[in-house]
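In our numbering, the protein residues as written are 269 to 554.
Each residue gets a CB set at the ideal place from its N, CA and C atoms; glycine is no exception.
Remember, predicted model here, so these are calculated numbers, not experimental data.
This is how it looks when you write it as structure tokens:
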């Protein structure tokens, strides 16, 4: 059935098909969503236990304080440390899973063709699934620092945020800075989300889409370590993944985060365009 045919059907409203609340409810009930939520909620508790067993973080002895060194200074420091240790991989996996599993899983269950025969326009289907995937990804990125802030405050107290460059921010001033960090982390992961989503539209294997996105993200991290690439590394999203550290300065610097966000959003727009264009022409038989 074509879009023109469905548009002429009595009572048919394309915008009312597959509403976001229905898709969100379906994704929320899936076991992998609950597993990811439990994992992210337990990670800060594991870190607290690790610091208690190890006697707290230990400095390098060179007089330089890092986020890890000051992890137990306050709840804010512990939340920043939890984000630091998880940004490179732990937070990548939920984003790739929520956005890469969404379309491919329908194909693997042989339910995709029935959704399109409902009828649901292909662009509407992709937009609904991508929106929900991004919302769940954002929720995952908010859940981790929230639990870490609560666990850190309970274990180490509510106090100023000790900055790596020296000085400190009051607890009240630290909260907006941490919010900026979480916001930037979400924007920087848009390229992984878009990559996983694109792969999800070209394969019927959910693990292939998720694994491909995670694998290519790791490849980008490896390439960023090759200093011989020089300024070419600046076109890699991985090069800017820790630009959010500039938010934890006495005076917040935006330049690195703006460049990193521009790179990530640019890649994401191209990959999403490829996903919509390719899926519109795809022969869906599963």
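Tell me whether residue i counts as near the ligand NAP, meaning its Cβ is closer than 7 Å to at least one heavy atom of that ligand.
| i | result |
| --- | --- |
| residue 405 | The ligand NAP is absent from the structure shown, which contains no ligand whatsoever. |
So, helix, strand or coil for residue i, using DSSP?
| i | result |
| --- | --- |
| residue 351 | helix |
| residue 431 | coil |
| residue 573 | In the structure displayed, the chain extends from 269 to 554; residue 573 sits before or after that span and is not available. |
| residue 341 | coil |
| residue 391 | helix |
| residue 384 | helix |
| residue 446 | helix |
| residue 296 | helix |
| residue 516 | coil |
| residue 321 | helix |
| residue 315 | helix |
| residue 504 | coil |
| residue 335 | coil |
| residue 437 | strand |
| residue 359 | coil |
| residue 425 | coil |
| residue 509 | coil |
| residue 287 | coil |
Leaving out five residues on either side along the sequence, give the residues of the same chain with a beta carbon under 6 Å from the beta carbon of residue i.
| i | result |
| --- | --- |
| residue 363 | 405, 457, 460, 461 |
| residue 338 | 345, 430 |
| residue 316 | 419, 423 |
| residue 539 | 462, 463, 466 |
| residue 426 | 343, 439 |
| residue 479 | none |
Hey, quick one: how far does the alpha helix (DSSP H) through residue i stretch, first residue to last?
| i | result |
| --- | --- |
| residue 550 | Neither: residue 550 is in no alpha helix (DSSP H) and is coded neither H nor E. |
| residue 476 | 474-492 |
| residue 495 | No alpha helix (DSSP H) holds residue 495; DSSP gives it neither H nor E. |
| residue 378 | No alpha helix (DSSP H) contains residue 378, which DSSP labels as neither H nor E. |
| residue 470 | 458-470 |
If I'm right that residue i touches residue j with Cβ under 8 Å, what's the distance once you round it to whole angstroms?
| i | j | result |
| --- | --- | --- |
| residue 345 | residue 440 | Not quite, the Cβ-Cβ distance comes to about 15 Å (not below 8 Å), so this is no contact. |
| residue 514 | residue 375 | Not a contact, Cβ separation roughly 41 Å. |
| residue 453 | residue 351 | 7 Å |
| residue 415 | residue 532 | About 25 Å separates the two Cβ atoms, so there is no contact after all. |
| residue 334 | residue 432 | 6 Å |
| residue 400 | residue 517 | No, residue 400 and residue 517 are not in contact; Cβ-Cβ is about 35 Å, not under 8 Å. |
| residue 509 | residue 322 | Residue 509 to residue 322, Cβ: 26 Å. No contact. |
| residue 354 | residue 288 | Actually they do not touch by this definition, with Cβ atoms about 28 Å apart. |
Starting from the C-beta of residue i, find all residues in its chain whose C-beta is less than 7 Å away, skip the five residues before and the five after it, and write them out in chain order.
| i | result |
| --- | --- |
| residue 446 | 344, 347, 348, 413 |
| residue 504 | 488, 491, 492 |
| residue 390 | 384, 547, 548 |
| residue 313 | 419 |
Leaving out the 5 sequence neighbours to the left and right, which residues in its chain are closer than 8 Å to residue i when beta-carbon positions are compared?
| i | result |
| --- | --- |
| residue 474 | 368, 369, 372, 373, 376, 468 |
| residue 443 | 344 |
| residue 450 | 351, 409, 410, 413 |
| residue 329 | Reliability fails at residue 329, whose pLDDT of 47 lies under 50, so the model's placement of it is uncertain and no value is given. |
| residue 520 | 445, 448, 514 |
| residue 494 | 501 |
| residue 523 | 514 |
Would residue i pass as an interface residue toward chain C - the criterion being a Cβ-Cβ separation below 8 Å?
| i | result |
| --- | --- |
| residue 290 | In the displayed structure, chain C is absent; only one protein chain is listed. |
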